[in-house]
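Here the structure is laid out as structure tokens; the discussion comes afterwards.
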Amino acid sequence: MSRWIAPAAAVALLAAVSVGVIVAAQAPEPTSAERADAIARELRCPDCQGLSVADSPTLPAAEIRRQIDEQLAAGASPDEVRAHFVARYGEWILLAPSSPVVWVVPLAVVVVAGAGMIVWLARRRPPAPPAARPDEVLRHRLHDEAEALDA
Amino acid sequence: MIPTLGHVAVLIGLGLSLYAVVAYVLAARGADRRLAESARQAVIGSFLAAFAGCVAMVISLLSHDFSVLYVAENNATTTPPFISAISLWAALEGSILFWTLLATGWAALVLHRLRDRHRALMPWAGATLATVNLFFFAVMTWPGNPFTLTSPVAAEGLGPNALLQNHPFMALHPPLLYLGYTGLAVPFAFGVAALVTRRLDDEWLRIVRRWTLIPWIFLTLGIVAGAWWSYEVLGWGGYWAWDPVENAALLPWLTATAFVHSSMVAERRGGLRIWTSALVIATFVLTLVGTFLTRSGVVASVHSFTQSAIGPWFLAAILVALGGALTLLVWRIPDLVGGGRPSALLSRESAFLFNNVLFLGLTFAVLFGTLLPLLVQATSGDTISVGAPWFNAVNAPIFLALLFLMGVGPALPWGAASWTTLRERFAAPVLVAGVVAVLAFALGLRDVASLLTLALAALVATILGDEFLRGARARSRRRGEAAPTAAWRLATRNRRRYGGYTVHFGVLVMAVAVAISSGLSSDVTATVVPGEVVRIGAYELRLERLVVEPLRDDPRVIETRAELSVSGPQGGELATALRDYPNSAAAIATPAVRTTLGEDLYVTLLASDAATGAVTLHLFVNPLVVWIWIGGAIIGIGSTFAIWPARRAVPVLAPQVRRAVEPKPTTPSVERA
Amino acid sequence: MTPKGLRWLLVPLLVVPLGWLLFTGFGRDPREVASPLIGKPAPDWTLTTLDGEALSSADLAGRPYVLNFWASWCIPACVDEHPVLASAHDRHGDDLLMIGVLYQDAPADAEGFLAHYGDAGYPHVIDDGGRLAIEYGVTGPPETFFVDADGIVRDKQFGPLTDELMADRLGAILGAASR
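Right, here's the structure in full:
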């Protein structure tokens, strides 16, 4: 049983990934409604608390959605539509900051910390014998029993 | 009369807390048990004082006593009794009163339960808790007096905030959340005590882990209840918007969860004392930062209170708590370094350590996103927004990595493991994950993050299930028990492990539900007149009529209600409304939510035309949403199971032995025979 | 290798920036948004007044004007600033024009408000559909814009005006003759 599982798993993984890549590559062009929705998700509703124009039920949000549709129909690009509203409200109307730095910082912190952790763990491992020492084994067992009692 | 009594109660609480702080500090330094005893009683007294204050406020609210400013601003003669009572925590000053009740309650509970144990730590822990209570009583005495009187007394009050009257969860979410927040002062108090007395050992770790987990359960349930409430009430079909106040509740939860995991490593192999202390301090400071963000008016949010004089007090408290605790920690660093065996790169320990890296990464990301607008405003004067798109994009990879680790942890043994072990343990789960991903894809799910979530959830579920089954089978074979008995006994004998697995399983359920409900939900906006039909998914809704009338319970509120009949998987009637409250500019949505295990039918009224009877509706079909709340409940059950004390034979000292080892009383007393 | 005392730096390093950052938020309304229109030409518009007449921005050319977005449901802010606007109109009616813009409000309700709190005599236009509010980047009433004689937006008031604030902002469009 165990002999064929690992290769089967590898094959399944490979299949899943390739199917995903193929489909992603063939993804159909977004419809104009989808494009409008995508922009509406990035714009902040002016008189709500943090909701996007797409999610908001208020009148200004409805008007902005109408203007997005109007501008896309007139041939504007998504960037131009966004710039239109930024010119009136400022950067604040964008729900996500446009500066790439802001996007990178948190993930960079995680990556650096993770890499640092790997380095620290790999380095700090002492040249330990392959089997744990007997008193260590006893300590572990004692600990496990205590843990079981301790709940 | 009643408000005055309430105010007096607050002052008594202030005095008792001050006494408790001084008495505990003196008791700690002089090892004086009777002084510590009196300090403990003072803390219990401060709890009773806070209780009396709350009772006074609730009575004032129920009797619509508009001479109290808080009542005049948050209550009206037409407010129903239930709403009046829960308006205790509806606005700033009342919520601080309620907070103080819970904070003193935790302090009294802990100090009472542990009064005969941990003699070295208790006075310092008590002093810390009493200081926290002192702060809140001080806030209620000076900048934020809930019993401030107003004159002349108005005939009618403003009434409660419209959003807070719409749903019974208003009674559930704040208490749960506050129980979590206030309870997290307890591990902090023990952290401070341990740093002062230099006793960061296993005993300390055990206390702090238990007293982190108990409030953690409440905080988790409070956050989930908040999401559920906002889903049912706000009308935009979502449950989490990364609003600053939501983030404020999440931040201490993240560091507390990190602590629970790293404490297990510390217990296993020793060491990590600086790290675990830092996490305990950070958790408490983050509860203060969270409550500051909500109450200071410094950031705009769905339910921030307006800016008031309380803000600077909270800021001072944050800086004192952080500065003081950090100074203590730094001072004791020489005592804390070292100890403990290093972890192997491939081991359960290192999985837990990576878990901490990720949780702290999430904490940093959420804090960064929440405070960035403040930072930009302060430095350049520009106003920017950091909203859901940023938070989702940045946090999703970290969540997925955590999901993966949730499977790696149980699959690896403590101590060093080999790559062969890993490969063996992971083979079947990876296969299952791949199959699930392909299946989901075939069924129409295209979003990459959702597909990954499903695959990883399948991976982890397989590993957890495998662990449990193997353990149950081994036990059943060894002891000859039937399988279900073996399984139950296994779980109850290893509550921490299997409670933890249950919690992780609950997380999986939530993750899958979130992925599916955001990836596969559909919505339709339509304007219909009476008699017209609108379709979504398998449902057909027909507008029967549009009704505009005052609410029966509160005639000042005008409700515009669209009544629809539904045919589809669940036939029947539903009504969705917009309510116009006299003290609110915009109408408040009361969406209709039809919940089944498979999906939610969610209908919001956007606009209506009384003349033609036409309504504009926003309809959603959100699959699997109820499983988010079920997942939350599973987490609550699992964590309660994990910390539930097991029945065991406790060795009892024979009375003469006990007398021999007890310290001699300091004052002569009659010896009991 | 590092001197032992260096670790103490950790405390001020963490506490001071956090304290400063949270402190800067005080005194500011967090919902206030800096306007990108300052220094730019004011948007063009043509709308109907409460009296039923047409009014357009072209009619205002050559004179400074104050555009005040308000609503009858905006209580107490719009109520508080109403007399401020009225007295400014009385004092400077010859030098500048004052226009009220209804923000998401029914004309009947607006007229009721003016009947109750007093009509200062300047025109109010109905912002049908909210387009003008979007052009000006308005997030909620009251917001007031100050446009100079050349049609350039010079200043914006977020929230209700007081007499001091009004005098201050008017200075931007009237020059020395603002008292």
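Protein chains in written order, with my numbering: chain A, 858 to 1008; chain B, 1370 to 2042; chain C, 952 to 1130.
No residue lacks a Cβ here, since even glycine has one placed at the ideal position from N, Cα and C.
Identify the contact partners of C/Gln-1055 in chain A, using a Cβ-Cβ distance below 9 Å as the criterion. On the third sequence, residue 1055 of chain C is found 104 positions in, with the first residue counted as 1. The contacting residues are Asp-904, Thr-915, Leu-916 and Pro-917.
Just checking C/Lys-955 against the ligand SAH - is the residue's beta carbon closer than 6 Å to any of the ligand's heavy atoms? Although the ligand SAH was asked about, the structure shown includes no ligands whatsoever.
7 Å is my cut-off, CB to CB: does B/Ala-1762 come that close to chain C? Counting from one through the second sequence, the residue named residue 1762 of chain B turns up at place 393. No - not a single Cβ of chain C is within 7 Å of the one on B/Ala-1762.
Just how far apart, CA to CA, sit B/Leu-1564 and B/Leu-1698? For the purposes of this step, residue 1564 of chain B is taken as residue 195 along the second sequence, with counting starting at 1. For the purposes of this step, residue 1698 of chain B is taken as residue 329 along the second sequence, with counting starting at 1. Near 7 Å, if we compare the C-alpha coordinates of B/Leu-1698 and B/Leu-1564.
Starting from A/Glu-920, find everything on chain C with Cβ-Cβ shorter than 7 Å and list it in chain order. Residue 920 of chain A sits at position 63 when you count from the first residue of the first sequence. Close to A/Glu-920, with beta-carbon spacing below 7 Å, are these residues of chain C in chain order: Gly-1080, Gly-1081, Arg-1082 and Ile-1085.
Short-range partners of chain C found in the segment 931 to 954 of chain A, where Cβ spacing is below 9 Å: Result list: Phe-942, Val-943, Ala-944, Arg-945, Tyr-946, Gly-947, Glu-948, Trp-949 and Ile-950.
To the nearest angstrom, report how far apart B/Thr-1929 and B/Pro-1951 are at their CA atoms. As a working note, residue 1929 of chain B is residue 560 in the second sequence. As a working note, residue 1951 of chain B is residue 582 in the second sequence. Straight-line measurement puts the Cα of B/Pro-1951 at about 14 Å from the Cα of B/Thr-1929.
Report back the beta-carbon spacing between C/Val-966 and B/Leu-1695 to the nearest angstrom; my notes put them in contact at under 8 Å. Taking the first residue of the third sequence as position 1, residue 966 of chain C is located at position 15. Taking the first residue of the second sequence as position 1, residue 1695 of chain B is located at position 326. Between B/Leu-1695 and C/Val-966 the Cβ distance is about 7 Å, and since that is below 8 Å, they are a contact.
For the candidate residues B/Trp-1605, B/Val-1807 and B/Ser-1632, whose alpha-carbon lies nearest to that of B/Glu-1646? The count along the second sequence starts at 1 and reaches residue 1646 of chain B at position 277. Per the sequence shown, residue 1646 of chain B should be read as Ser rather than Glu. Of B/Trp-1605, B/Val-1807 and B/Ser-1632, the residue nearest in Cα terms is B/Ser-1632.
Quick one: using the 10 Å Cβ neighbour count with 16 as the cut-off for buried, is B/Asp-1969 buried or exposed? What you label residue 1969 of chain B is simply residue 600 of the second sequence in a count that begins at 1. The residue in question, B/Asp-1969, is buried, as its Cβ has 16 or more Cβ neighbours within 10 Å.
What residues are listed by DSSP as bridge partners for B/Ala-2049? As displayed, chain B neither begins before 1370 nor continues past 2042, which places residue 2049 of chain B out of reach and without an answer.
Once you ignore the five residues that flank A/Ala-953 on each side, which residues in its own chain have a CB closer than 7 Å to its CB? One-based indexing of the first sequence puts residue 953 of chain A at position 96. Result list for A/Ala-953: Glu-899, in chain order.
Neighbour list for A/Leu-908 in chain B, Cβ cutoff strictly below 8 Å: Residue 908 of chain A sits at position 51 when you count from the first residue of the first sequence. Residues of chain B passing the Cβ test: Trp-1605 and Ala-1610.
From A/Ala-890 to A/Gln-928, what distance separates their C-alpha atoms? What you label residue 890 of chain A is simply residue 33 of the first sequence in a count that begins at 1. What you label residue 928 of chain A is simply residue 71 of the first sequence in a count that begins at 1. Across the structure, A/Ala-890 and A/Gln-928 are spaced so that their CA atoms are roughly 12 Å apart.
At the 7 Å Cβ level, is A/Ile-879 part of the contact set with chain D, yes or no? Here chain D cannot be found, since the structure's protein chains are A, B and C.
Would you kindly work out how many angstroms separate the C-alpha atoms of B/Gln-1534 and B/Thr-1959, rounded to a whole number? Here residue 1534 of chain B refers to the residue found at position 165 of the second sequence. Here residue 1959 of chain B refers to the residue found at position 590 of the second sequence. Roughly 11 Å separates the two Cα atoms.
Simplified DSSP state of B/His-1536, which is helix, strand or coil: Position 167 of the second sequence, counted from the start, is the residue given in the question as residue 1536 of chain B. DSSP places B/His-1536 in coil when its eight states are reduced to three.
DSSP three-state label for B/Thr-1566, please. For this step, residue 1566 of chain B is matched to residue 197 along the second sequence. In this structure, B/Thr-1566 counts as helix in the three-state DSSP scheme.
Using the rule of at least 16 other Cβ atoms within 10 Å of the residue's Cβ for burial, across every protein chain shown, is A/Pro-987 buried or exposed? Position 130 of the first sequence, counted from the first residue, corresponds to residue 987 of chain A. Here the model assigns A/Pro-987 a pLDDT of 49, short of 50, so the residue's position is not dependable, and the following value carries that caveat. Exposed, by the Cβ-count rule.
Measure from the alpha carbon of B/Pro-2014 to the alpha carbon of each residue in B/Thr-1964, B/Thr-1861 and B/Trp-1700, then state which is nearest. If you number the second sequence from 1, residue 2014 of chain B lands on position 645. For B/Pro-2014, the nearest C-alpha among the options comes from B/Thr-1861.
Which whole runs of the alpha helix (DSSP H) in the segment 994 to 1068 of chain C are 4 residues long or more, in chain order? The qualifying runs are 1028 to 1043 and 1058 to 1068.
What are the boundary residues of the beta strand (DSSP E) that B/Pro-1919 is part of? Translated into the one-based positions of the second sequence, residue 1919 of chain B becomes position 550. 1908 to 1919 is the span of the beta strand (DSSP E), which, as asked, contains B/Pro-1919.
Suppose the cutoff is 6 Å on Cβ atoms and the five residues either side in sequence are ignored; what does the same chain contact list for B/Ser-1712 look like? Working through the second sequence from its first residue, we reach residue 1712 of chain B at position 343. Correct list, in chain order: Glu-1718 and Ser-1719.
How long is the line joining the alpha carbons of A/Pro-984 and B/Ala-1809, rounded to whole angstroms? Looking up residue 984 of chain A in the first sequence gives position 127. Looking up residue 1809 of chain B in the second sequence gives position 440. Its pLDDT being 49, under 50, A/Pro-984 is placed unreliably by the model, and the measurement read from it follows with that caveat. If you take the alpha carbons of A/Pro-984 and B/Ala-1809, they lie about 46 Å apart.
What's the call for B/Trp-1996, buried or exposed, on a 16-neighbour Cβ count within 10 Å? Mapped onto the second sequence, residue 1996 of chain B falls at position 627. Burial call: buried.
Using a cut-off of 7 Å between C-beta atoms, extract the partners of C/Trp-1021 located in chain B. Numbered from its first residue, the third sequence carries residue 1021 of chain C at position 70. Within chain B, no residue comes near C/Trp-1021; the closest Cβ sits about 12 Å away, beyond 7 Å.
Have a look at the DSSP bridge pairing and note the partners of C/Gln-1108. Translated into positions along the third sequence, residue 1108 of chain C becomes position 157. Secondary-structure assignment with DSSP links C/Gln-1108 through a beta bridge to C/Thr-1095.
Selection from B/Phe-1989, B/Pro-1899 and B/Thr-1981 that minimises the alpha carbon distance to B/Val-1893: Here residue 1893 of chain B corresponds to residue number 524 of the second sequence, with the count starting at 1. The option with the nearest alpha carbon to B/Val-1893 is B/Phe-1989.
Per-residue DSSP class, three states only, for B/Val-1379: Counting from one through the second sequence, the residue named residue 1379 of chain B turns up at place 10. Of the three classes helix, strand and coil, the one that applies to B/Val-1379 here is helix, per DSSP.
Suppose the cutoff is 7 Å on Cβ atoms and the five residues either side in sequence are ignored; what does the same chain contact list for B/Trp-1998 look like? Looking up residue 1998 of chain B in the second sequence gives position 629. For B/Trp-1998, where only same-chain residues beyond five positions count, the Cβ hits under 7 Å are Val-1593 and Trp-1597.
For the segment 1819 to 1899 of chain B, which segments carrying the beta strand (DSSP E) assignment without a break, of at least 3 residues, lie completely within its bounds, in sequence order? If one requires a minimum length of 3 residues, the beta strand (DSSP E) runs lying completely within the segment 1819 to 1899 of chain B are 1891 to 1897, in chain order.
Range of the contiguous alpha helix (DSSP H) that encloses B/Leu-1695: Counting from one through the second sequence, the residue named residue 1695 of chain B turns up at place 326. Start and end: 1679 to 1705.
Following the continuous alpha helix (DSSP H) through A/Asp-894, name the residue where it begins and the one where it ends. Here residue 894 of chain A refers to the residue found at position 37 when the first sequence is read from its first residue. Where A/Asp-894 is concerned, the enclosing alpha helix (DSSP H) starts and stops at 889 to 899.
Does any CB atom of chain A fall closer than 7 Å to the CB of C/Ala-1028? For the purposes of this step, residue 1028 of chain C is taken as residue 77 along the third sequence, with counting starting at 1. No, because no Cβ of chain A sits closer than 7 Å to the Cβ of C/Ala-1028.
B/Gly-1941 lies in the beta strand (DSSP E); which residues open and close that run? Position 572 of the second sequence holds residue 1941 of chain B. First-last of the beta strand (DSSP E) with B/Gly-1941: 1941 to 1949.
Excluding the five sequence neighbours on either side, which residues of its own chain have a C-beta within less than 6 Å of the C-beta of B/Arg-1844, listed in chain order? By one-based count along the second sequence, residue 1844 of chain B stands at place 475. So the list reads Ala-1855 and Leu-1859, once near-sequence residues are dropped.
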